[in-house]
Amino acid sequence: MEEKIKVGKKVVVDKRWCKGCGICVAFCPKNVLGLVDGKISIERPEDCIRCGQCELRCPDYAIYLEEGTENE
């Protein structure tokens, strides 16, 4: 059985739910997010501070933070 080690939260995008409003992009304090072809894109994941502003502001629940593991 493979053991997974928690490493903190990561940003996840469900592009099916994204309508491209750009609210999450506007509220991201580290400019991690962008819009590509009218959908949210994680442009600079290494700069993300996992503040959750994108998740809190998205009216369509298309972007969220989830627990990550070392094996992902």
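Just so you know, we're using my numbering here: the sequence shown kicks off at 445 and counts up by one. Where is the CB? At the ideal position from N, CA and C, for every residue including glycine.
Asked, Found
"Considering only residues of the stretch 464-497, which uninterrupted beta strand (DSSP E) runs meet the minimum length of 3 residues and lie entirely inside it, listed in chain order?", "477-480 and 483-486"
"Shortest alpha-carbon distance to Gly-464 belongs to which of Gly-496, Ile-493 and Asp-504?", "Asp-504"
"Can you name, in chain order, every residue of its own chain whose Cβ lies under 7 Å from the Cβ of Cys-394, other than the five neighbours on each side?", "As displayed, the chain neither begins before 445 nor continues past 516, which places residue 394 out of reach and without an answer."
"Any idea if Val-456 is buried or exposed, counting beta-carbon neighbours within 10 angstroms, 16 or more meaning buried?", "exposed"
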